[in-house]
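Participant:
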Amino acid sequence: MKIIIPKKHGDFKEIESKRDVFPKKEWKVTQSLCPGWKAGSGASDDEWKGKKMIGIDPYGTVGLFLVPLGKFKREVPDLINYRFVSSVSKDGIRNLAPFSYTNLCGHDPPIFTIGFSLAGGKFKDTMQNIVDTGECVINIISEWFAEAANYTSIDAPADVDEWTLSGLTPVESTKVKPPRVGESAFVVEGKLVNHQIFKSLVTGKDSSGLVVVQGIQMHVREDVVNEELNLIDLALLKPISRLGGIMYGRVSEGFELQRPVFEEERKKEDDIKRAIFQIEHGELRKQHEARRGYVG
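For the sequence shown, the positions run 48 to 343 when our numbering is used.
1. Just reading off the alpha helix (DSSP H) that residue 198 is part of, what are its end residues?
2. Quick one: residues in its chain with C-beta nearer than 7 Å to the C-beta of residue 59, no 5 flanking neighbours on either side, listed in chain order?
3. Ignore the nearest five residues each way along the sequence and tell me which others in residue 291's own chain have a CB closer than 7 Å to its CB.
4. Here's the rule I'm using: 16 or more other beta-carbon atoms within 10 Å means buried, otherwise exposed. How should residue 303 be labelled?
5. Could you tell me which of 264, 177, 289 and 293 sits nearest to residue 101, measuring between CA atoms?
6. Short of 7 Å in beta carbon distance, which residues of its chain neighbour residue 198, apart from the five on each side in sequence? Order them along the chain.
7. For residue 300, which residues of its own chain have a beta-carbon under 8 Å away from its beta-carbon, when the five flanking residues on both sides are left out?
8. Report the rounded CA-to-CA distance for residue 162 versus residue 257, giving the unit in angstroms.
9. Taking only the alpha-carbon atoms, compute the straight-line gap between residue 192 and residue 246 and give it to the nearest angstrom.
10. Can you tell which of 288, 271 and 275 has its C-alpha closest to the C-alpha of residue 281?
11. For residue 219, which residues in the same chain have their Cβ closer than 7 Å to its Cβ, ignoring the five residues on either side in sequence?
12. Under 7 Å Cβ to Cβ from residue 206, same chain only, skipping five residues before and after it: list those, please.
13. Within 10 angstroms of the Cβ of residue 152, are there 16 or more other Cβ atoms? Answer buried if so, exposed if not.
14. List the whole-angstrom C-beta distance separating residue 268 from residue 187, where the pair is believed to meet the contact cut-off of C-beta under 8 Å.
15. How about residue 262 and residue 298: do their beta carbons lie closer than 8 Å?
16. Which same chain residues, not among the five before or five after residue 169, have their C-beta less than 7 Å away from its C-beta?
17. For residue 211, report the span of its alpha helix (DSSP H) as first-last.
18. Do residue 137 and residue 173 have their C-beta atoms closer together than 8 Å?
19. Can you tell me which of 83, 81 and 94 puts its alpha carbon nearest to the alpha carbon of residue 30?
20. Along the chain, which unbroken stretches of the beta strand (DSSP E) at least 3 residues long are found entirely within the region 200 to 254?
21. Whole angstroms is fine: what's the gap from residue 287's alpha carbon to residue 296's?
22. Restricting to Cα atoms, I'd like to know which of 307, 91, 64 and 321 is closest to residue 194.
23. Considering only the alpha carbon of each residue, which of 294, 216 and 259 lies closest to residue 143?
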């Protein structure tokens, strides 16, 4: 099946009519991609090897952040909520660990947040490294190295190298010291903006932390991005998500919904006009009652 993803939505209904009907499927739990994966094995296949990576300066002359900067926000997806972070301690020890609480929060400048739980009130290695050195690399996790990425969550001592344990490939970064993951098709080099510690409302002790990171350099695999460098092909990126506990999900289908414009919607069919009328007059009624001091 050919996936039709237009750069600009002209007649959206016409475009949508050419797509398959939304398939109703029941939730199903399957085996992982490589049930026989062993420590140090790295990616489950070699599809990623030999692919060219394109370096992108967020404020360079070409790339994801071409004017208007909102292009990045509109056309480059948040790429699922499961990524892993490469960091280096102040003593030069490398660390690699996955995080569910990682989000893109803004596009100008590109801002990411990473959340941490504190073990016994102490920083996790990754958070300590980022706070100490001010640098990290955020890597998108894709299907072909899911097992290896998951293995970096092992509770190893701080002086144990997760790169070696997982078999993943460290590649020299452009602007920061921590290496990026060679298997990852989309990578963000980042600099620390600030960090915050939060206390438990139950014990009053430090329980979680947050770092805010600015993306200063991106790397995207040439075959997963379009020529304009502003649209990533999810069919090739194959990102995974963490669904809670040890459950993971994959992205194999998608659908689009247009954002409604109020002034256009109010001109449409009677049921829309009626709903808008009720909303408008309901709000007016509440305002009148509020002026009279009525409490419902």
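Cβ atoms here follow ideal geometry from the backbone N, Cα and C, with glycine treated the same way. No experiment lies behind these values; they were computed from the predicted model shown.
Facilitator: By the coordinates alone:
1. Boundaries of the alpha helix (DSSP H) harbouring residue 198: 193 to 198, taken from the DSSP string.
2. 305
3. none
4. exposed
5. 264
6. 86, 212 and 213
7. 70
8. The C-alpha of residue 257 is placed about 5 Å away from the C-alpha of residue 162.
9. 35 Å
10. 271
11. 226
12. Here residue 206 has 140 as same chain residues with Cβ atoms under 7 Å from its own Cβ, once five neighbours each way along the sequence are excluded.
13. exposed
14. Residue 268 to residue 187, Cβ: 10 Å. No contact.
15. no
16. none
17. 209 to 213
18. no
19. Outside the displayed span of the chain (48 to 343) sits residue 30, for which this structure offers no information.
20. 233 to 246
21. 6 Å
22. 91
23. 216
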